[in-house]
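Chains A and B supply the protein sequences, listed in that same order. Counting from 1, one number per residue, gives the positions in the first sequence under the numbering used here. Counting from 332, one number per residue, gives the positions in the second sequence under the numbering used here. Below you'll find the structure, written out as structure tokens, and then a few comments.
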Amino acid sequence: MSAESDVLVKVQNLTKYFPIHKGILTQRHVGDVKAVDDVSFEIFRGETLGLVGETGCGKTTVGRTILRLYEPTSGHVFFEGSDLMSLNESGMRSFRKRMQMIFQDPYASLNPRMTVGSIIAAPLDVHGVPDGKGKNERIEELLDLVGLNPEFVNRYPHEFSGGQRQRIGIARALAVNPDLIICDEPISSLDVSIQAQVVNLLEDLQQQLGLTYLFIAHDLSMVRHISDRMAVMYLGKIMELADRNEIYLRPLHPYTQALMSAVPVPDPDVVENRHRVILEGDLPSPSNPPVGCNFNTRCPFVKDICLQEEPQYVELQPGHWVACHFADQNL
Amino acid sequence: MEQPLLEINDLRVTFHTDDGTVHAVNGVSYSIDKGEVLGVVGESGCGKSVHALSIMRLIPIPPGKIEGGEVLFYGKDLLKLSLDDLRHVRGGQIAMVFQDPMTSLNPAYTVGYQIIEALTLHKRLDQNQARERSAELLSLVGIPEAKRRLDDYPHQFSGGMRQRAMIAMALSCEPSLLIADEPTTALDVTIQAQIVDLVKRLQSNYGMAVMWITHDLGVVAELAHKINVMYAGYIVERGHARDIFKRTRHPYTLGLLGSLPRLDEAPGTRLLSIPGLPPDLVDLPKGCPFVARCNYITDICLESMPPLESAGDNDHLVACWHWSAIAEGVAK
Numbered sequence: 001m002s003a004e005s006d007v008l009v010k011v012q013n014l015t016k017y018f019p020i021h022k023g024i025l026t027q028r029h030v031g032d033v034k035a036v037d038d039v040s041f042e043i044f045r046g047e048t049l050g051l052v053g054e055t056g057c058g059k060t061t062v063g064r065t066i067l068r069l070y071e072p073t074s075g076h077v078f079f080e081g082s083d084l085m086s087l088n089e090s091g092m093r094s095f096r097k098r099m100q101m102i103f104q105d106p107y108a109s110l111n112p113r114m115t116v117g118s119i120i121a122a123p124l125d126v127h128g129v130p131d132g133k134g135k136n137e138r139i140e141e142l143l144d145l146v147g148l149n150p151e152f153v154n155r156y157p158h159e160f161s162g163g164q165r166q167r168i169g170i171a172r173a174l175a176v177n178p179d180l181i182i183c184d185e186p187i188s189s190l191d192v193s194i195q196a197q198v199v200n201l202l203e204d205l206q207q208q209l210g211l212t213y214l215f216i217a218h219d220l221s222m223v224r225h226i227s228d229r230m231a232v233m234y235l236g237k238i239m240e241l242a243d244r245n246e247i248y249l250r251p252l253h254p255y256t257q258a259l260m261s262a263v264p265v266p267d268p269d270v271v272e273n274r275h276r277v278i279l280e281g282d283l284p285s286p287s288n289p290p291v292g293c294n295f296n297t298r299c300p301f302v303k304d305i306c307l308q309e310e311p312q313y314v315e316l317q318p319g320h321w322v323a324c325h326f327a328d329q330n331l
Numbered sequence: 332m333e334q335p336l337l338e339i340n341d342l343r344v345t346f347h348t349d350d351g352t353v354h355a356v357n358g359v360s361y362s363i364d365k366g367e368v369l370g371v372v373g374e375s376g377c378g379k380s381v382h383a384l385s386i387m388r389l390i391p392i393p394p395g396k397i398e399g400g401e402v403l404f405y406g407k408d409l410l411k412l413s414l415d416d417l418r419h420v421r422g423g424q425i426a427m428v429f430q431d432p433m434t435s436l437n438p439a440y441t442v443g444y445q446i447i448e449a450l451t452l453h454k455r456l457d458q459n460q461a462r463e464r465s466a467e468l469l470s471l472v473g474i475p476e477a478k479r480r481l482d483d484y485p486h487q488f489s490g491g492m493r494q495r496a497m498i499a500m501a502l503s504c505e506p507s508l509l510i511a512d513e514p515t516t517a518l519d520v521t522i523q524a525q526i527v528d529l530v531k532r533l534q535s536n537y538g539m540a541v542m543w544i545t546h547d548l549g550v551v552a553e554l555a556h557k558i559n560v561m562y563a564g565y566i567v568e569r570g571h572a573r574d575i576f577k578r579t580r581h582p583y584t585l586g587l588l589g590s591l592p593r594l595d596e597a598p599g600t601r602l603l604s605i606p607g608l609p610p611d612l613v614d615l616p617k618g619c620p621f622v623a624r625c626n627y628i629t630d631i632c633l634e635s636m637p638p639l640e641s642a643g644d645n646d647h648l649v650a651c652w653h654w655s656a657i658a659e660g661v662a663k
């Protein structure tokens, strides 16, 4: 699957720092929040790449920077080989049609003063896809596709439940026939039984339309459920990236191991028999990450070298990337 | 048999709104023994938080109203207690930890001040004793340099530390019941694991009973002895944790379990979602509230609400007309 032609998106050394300023009259630049720090990965056509990590690890920033909703500090994003970061605004616009986003909060991401029809029509208008009658048909077709009654076009977002609103957001993203959809925590604000409905819908749509997803979430078991491959982020860096089975069966990074063991499993038998790694302490601040390995403040296996030298992010086995000095000892 | 710590009989709570009467809790009965951990599971609006708040009469009245029932704590009905007497129970014998530690701590006072306040109020300690005890409590819940941290304000704590501080505050008066309402929902999994571990440890050391309210069946599997599954203001299934997971008897519980992806699942597994939405609590259906989403529905389900009855052995209770058919399905 790793043939060059199959790569839809290639992210290379992507870095996004948010500057911290102090002072009222003279804005002194006193530091940076290193939200994303030198991140590289590829997304293959037709796959779902899961991006998982805790609050503040930079996973949302990665998604937004790929779309250039944030301008990166440095690095490149290639979409079918074209460098998005070298494009001007109108050049970027033609690519935006092919990359859409689904947002976390279905209450905040839909304009309460617009009808469902006009919300879904907005991307069609911007990108100049069919006018007039063709447009209305397209909107009805999209509503049907996401499992909503096409007669709802003239209703307002407040008339819908959270799960239904998320469906509207999905219909809006699909309107312009994108290749890539970046799903930023699309289910975390929904109830459990509704989450499953939305995830099943996303899986069905991927099959029908051949979509590629970057699925960003903090829920490890849900990410593993939907993804083909998954990447684990911590403090602005990717710690480990591998196939969904490989990373579950042979996690090489101590953070991945801890994260896996922290996931609650709804099965008393598993709970009784498993070994839990409980991490101590909290996430360090991304404005002042530790020297050496990012994870050294919480790692149960920390050694001297971890405090001094940052581990390289390397492909230790075909398709299995990891950034840890001692990962090869876990093989 | 020993008297249960808390016994709730036919508790009913409504909210009177412009849109009509919201039937939030519709006749809930169960008991918690001393030292027992009860998990209360359900989705938004199933009445799990409202029923817990009603135990200590913390719901806003009006629009809320406790329509009927009893809440017997050591045999005394909390719903009939005078406000003065209730004050000793609140925070003293029953303590509560809420979902969002940022909104439940007062940002204008130091963390220490807020713990000391509870100690001077309920335990009648003087300032110095209370301060010392507070520092002990903070280090008990795993906050480093506890003595110095007493003088920090809530915003200087991280989310996990704030929840620890809330737990320290709740434990300060050695309650016999701790009600934890979605205490880890706002936290990351690694921090959640720390908090679950902490509560488990404290619970077994102090022998206090815990009511852990959550939408996450996974968390409940980690610590609960017994589980109540709630739907539309009813308890639809209740039993020992193992039975709820392994000998599931209610279609809603079955659906909830099927909706959860498992970390160890095989590739290509499809989630069993529950179709549709929970019913409108203003206009509940006449029969079982789950009818619109259920696969096992027959005429009787539309006609009358099934009673919460024994599903065989082991204190396993279920409110479904067809639980025996479901039992056969689960056994397969």
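Glycine residues also receive a C-beta, built at the ideal position from the N, C-alpha and C atoms.
Just tell me which of the options has its CA closest to the CA of residue i.
i: L145(A); options: A175(A), G162(A), Q104(A); result: A175(A)
i: C293(A); options: H218(A), P286(A), P254(A), C306(A); result: C306(A)
i: P483(B); options: L471(B), A511(B), P438(B), M500(B); result: Checking the sequence, you will find Asp at residue 483(B) rather than Pro. Nearest C-alpha to D483(B): P438(B).
i: R479(B); options: S489(B), E463(B), Q494(B), G491(B); result: E463(B)
i: L414(B); options: I575(B), H546(B), R388(B); result: R388(B)
i: D304(A); options: L316(A), Q312(A), H325(A); result: H325(A)
i: A656(B); options: Y627(B), E634(B), A650(B), L648(B); result: Y627(B)
i: K16(A); options: T60(A), M101(A), N88(A); result: T60(A)
i: D644(B); options: E448(B), P598(B), R569(B), G660(B); result: R569(B)
i: K396(B); options: K454(B), N559(B), L384(B); result: L384(B)
i: S435(B); options: Y537(B), H581(B), A496(B), I631(B); result: A496(B)
List the DSSP bridge partners of residue i.
i: N340(B); result: E401(B)
i: D243(A); result: R229(A)
i: Q317(A); result: H320(A)
i: E640(B); result: V649(B)
i: F41(A); result: V11(A)
i: C183(A); result: I102(A), F215(A)
i: F340(A); result: A question about residue 340(A) goes unanswered here, because the residues of chain A that appear run from 1 up to 331.
i: H21(A); result: H29(A)
i: Y361(B); result: I339(B)
i: D512(B); result: I544(B)
i: M427(B); result: I510(B)
i: P140(A); result: Per the sequence presented here, residue 140(A) reads as Glu, with Pro not at that position. Per DSSP, none; premise fails for E140(A).
For residue i, I'd like the list of residues in its chain whose CB is within less than 6 Å of its CB, leaving aside the five on either flank, ordered along the chain.
i: N340(B); result: S360, G400, E401
i: S2(A); result: The predicted position of S2(A) is uncertain, since its pLDDT is 45 and thus under 50; no value can be drawn from it.
i: I386(B); result: V402
Residues in its own chain within less than 7 Å of residue i by CB, not counting five upstream and five downstream?
i: L612(B); result: V353, H354, A355, G376, A563, G564
i: S221(A); result: V263
i: D350(B); result: V613
i: H486(B); result: P438
i: R45(A); result: D6, L8, T212
i: W367(B); result: Correcting the residue identity first, residue 367(B) is Glu in this sequence and not Trp. If we look at E367(B) and ignore the five residues flanking it on each side, its Cβ neighbours are A540, H556, K557.
i: E4(A); result: Note that E4(A) scores 48 on pLDDT, short of 50, meaning its location in the model is unreliable; the coordinates nonetheless yield the value given after this. Excluding residues within five positions, none has a Cβ falling inside 7 Å.
i: A381(B); result: For the record, residue 381(B) in the displayed sequence is Val; it is not Ala. Excluding residues within five positions, the ones whose Cβ falls inside 7 Å are V344, A355, V356, I390.
i: P311(A); result: C293, A323, C324, H325
In chain A, which residues lie less than 7 Å from residue i when you measure between Cβ atoms?
i: D608(B); result: It should be pointed out that residue 608(B) corresponds to Leu in this sequence rather than to Asp. The answer, in chain order, is S161.
i: S375(B); result: D191
i: A642(B); result: Near A642(B) there are no residues of chain A at all, since even the closest Cβ is about 18 Å away, more than 7 Å.
For residue i and residue j, which I take to be in contact (beta-carbon distance under 8 Å), what is that distance rounded to the nearest angstrom?
i: T521(B); j: L279(A); result: 5 Å
i: I247(A); j: M233(A); result: Actually they do not touch by this definition, with Cβ atoms about 13 Å apart.
i: L51(A); j: V62(A); result: 6 Å
i: I119(A); j: I168(A); result: 6 Å
i: L509(B); j: A499(B); result: Not really, about 12 Å apart at Cβ, beyond 8 Å.
Under 7 Å between beta-carbons, which chain B residues line up against residue i? List them in chain order, please.
i: D267(A); result: A552, F576
i: Q195(A); result: S590
i: V199(A); result: L602
i: I278(A); result: A524, Q525, D528
i: L259(A); result: V520, T521
Which residues of chain B have a Cβ atom closer than 8 Å to the Cβ of residue i, listed in chain order?
i: A262(A); result: V520, T521, Q523, A524
i: G256(A); result: Gly is not the amino acid found at residue 256(A); the sequence shown has Thr there. The contacting residues do not exist; T256(A) stays about 11 Å from chain B at best.
i: H218(A); result: D519, V520
Residues in the same chain with beta-carbon distance under 8 Å from residue i, minus the five sequence neighbours each way, listed in chain order, please.
i: S604(B); result: G586, G589, S590
i: E203(A); result: I226
Interface residues of chain A around residue i at Cβ under 8 Å?
i: G358(B); result: Within 8 Å Cβ-Cβ: nothing; G358(B) doesn't reach chain A, min ~23 Å.
i: H546(B); result: D191, V192
So with CB distances below 9 Å, who are the chain B contacts of residue i?
i: N245(A); result: P598
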